[in-house]
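Heads up: the structure comes next, in structure tokens.
Protein chains: 2
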Amino acid sequence: MLRLSKKSEYGIIALKHMLNQPEGAIIRAKDVASLYNIPLEAMAKTLQTLARSGIVKSCQGAKGGYVLGRAGDQISLSEIIESIEGPLGIVDCVVGASECDCVQLENCNISDSFQVIQKQFKLFLAGISLADINNEMEMQHVVWH
Amino acid sequence: MLRLSKKSEYGIIALKHMLNQPEGAIIRAKDVASLYNIPLEAMAKTLQTLARSGIVKSCQGAKGGYVLGRAGDQISLSEIIESIEGPLGIVDCVVGASECDCVQLENCNISDSFQVIQKQFKLFLAGISLADINNEMEMQHVVWH
DNA sequence: AATAAACCCGACCTTTTTAGTCGGGTTTAA
DNA sequence: TTAAACCCGACTAAAAAGGTCGGGTTTATT
């Protein structure tokens, strides 16, 4: 059902939080977790995932933590979600690289249309940046014509 | 993960199939199921669900089956999906009527933005009709600016 | 050098959701 | 009367999501 996973939610919460801290401040998983009632381990794993794809940078060791890897307007919602959940596809057979073994395919009447829908949906998400999310007032430009 | 359920896929396949039959032809669940390799019971239940919300009309008894309830351009993708999967929400706390007991809410920093995103996403799906899906060439008007 | 604080990560368990199946209805054309 | 179809709740099985655990590694501090 078209719903974001908890990990994506946690990731977006953390990223938005980081964007609102002073430039260059190092944020610990622990703090985000306790501030937003997120289970520590889950928050930690999500930030590790985001670090792997470069959306945040990790600083190891004591006094370590995370910093945003880029400016808020250079981080898109589609990137965040794909980092955490893997390549996104409204339906399986439309996910880029992966093979689809769906038994309908031989005679499927909807896969072509869904290629188009999928592509537009991704553009939709790609058009929303962390900076947009951070500033609800500015979200007005996120509009479907 | 932002993916449609199988039942939604089955529903859309069936609806598109029906749209391509001669006007007023009665289509049986059995035929759609065998044509597209869909488990009969699953297909049947999905059509029953669509009938309940008026997207198709059911004809009971021998020689029974289903007919589209409306013209293809009067059936939107969001309607189909919501009929089958219930009210859709990218995140829980954004689903219209239902209550959200998420423990982040007291201090959530993203719910406002997601209200906007959710609304636009729904407009996106509402803007795609069964007739559009049926005619991939026409899908070009489904474009994000 | 030792310590503690933090990130790192695979493995696991539990719960929820999805997918599919079954049995027993009801309706209606022939 | 029969058979073909819709109808529907209940069930099971499989998959995904959510969360937890244990044992690492890295690094600032003392």
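Chains Y and V, in that order, are what the protein sequence lines are.
Number 302 in this note's numbering belongs to position 54 of the first sequence; there are no gaps in the numbering.
Number 365 in this note's numbering belongs to position 117 of the second sequence; there are no gaps in the numbering.
We put the CB at the ideal spot given by N, CA and C, even for glycine.
Would you mind working out which of the options sits nearest residue i, comparing C-alpha positions?
| i | options | result |
| --- | --- | --- |
| G247 of chain V | V:P270, V:I274 and V:L325 | Here chain V has residues from 249 to 393 only, and residue 247 of chain V is not among them. |
| Q296 of chain V | V:F362, V:L373, V:R276 and V:D380 | V:R276 |
| G317 of chain V | V:K293, V:M266 and V:N285 | V:M266 |
| K255 of chain V | V:K367, V:K293, V:I303 and V:N268 | V:K293 |
| L263 of chain V | V:V304, V:D279, V:A290 and V:Q368 | V:V304 |
| A379 of chain V | V:A319, V:G337, V:S361 and V:I358 | V:A319 |
| V351 of chain V | Y:K311, Y:E257 and Y:M249 | Y:E257 |
| G313 of chain V | V:Q366, V:I274, V:G259 and V:L250 | V:I274 |
| E270 of chain Y | Y:V315, Y:K311 and Y:D279 | According to the sequence provided, residue 270 of chain Y is Pro. The question's Glu does not apply to it. Of the listed residues, the one whose Cα sits closest to P270 of chain Y is Y:V315. |
| F362 of chain Y | V:S253, V:M291, V:E384 and V:S306 | V:E384 |
| L336 of chain V | V:S377, V:L288 and V:I365 | V:I365 |
Is there a C-beta anywhere in chain V that falls below 8 Å from the one on residue i?
| i | result |
| --- | --- |
| R300 of chain Y | no |
| K351 of chain Y | For clarity, residue 351 of chain Y is Val in the given sequence; the question names Lys instead. It does: the Cβ of V351 of chain Y has a partner Cβ on chain V nearer than 8 Å. |
| D360 of chain Y | yes |
| A379 of chain Y | no |
| L336 of chain Y | yes |
| E333 of chain Y | yes |
| E330 of chain Y | no |
Would residue i count as contacting chain Y if we go by Cβ distances under 8 Å?
| i | result |
| --- | --- |
| K264 of chain V | yes |
| M291 of chain V | no |
| V339 of chain V | yes |
| L250 of chain V | yes |
Does the contact criterion of 3 or more C-beta pairs under 8 Å hold for the region 280 to 298 of chain V versus the region 316 to 332 of chain V? With the cut-off at 8 Å, the region 280 to 298 of chain V and the region 316 to 332 of chain V touch.
Say whether the region 362 to 372 of chain Y touches the region 360 to 379 of chain V, bearing in mind that this needs 3 or more beta-carbon pairs closer than 8 Å, one atom from each stretch. Touching, per the Cβ criterion.
Which runs of the beta strand (DSSP E) at least 3 residues long sit entirely within the region 306 to 389 of chain V? Give them in chain order. Runs of the beta strand (DSSP E) inside the region 306 to 389 of chain V: 313 to 316.
Taking a cut of 9 Å between CB atoms, which residues from the region 304 to 327 of chain Y lie near chain V? Taking 9 Å as the Cβ-Cβ cut-off against chain V, the residues of the region 304 to 327 of chain Y that qualify are L325.
What residues from the region 271 to 283 of chain Y come within 9 Å of chain V, judged by C-beta to C-beta, listed N to C? Residues of the region 271 to 283 of chain Y whose Cβ lies closer than 9 Å to any Cβ of chain V, in chain order: L283.
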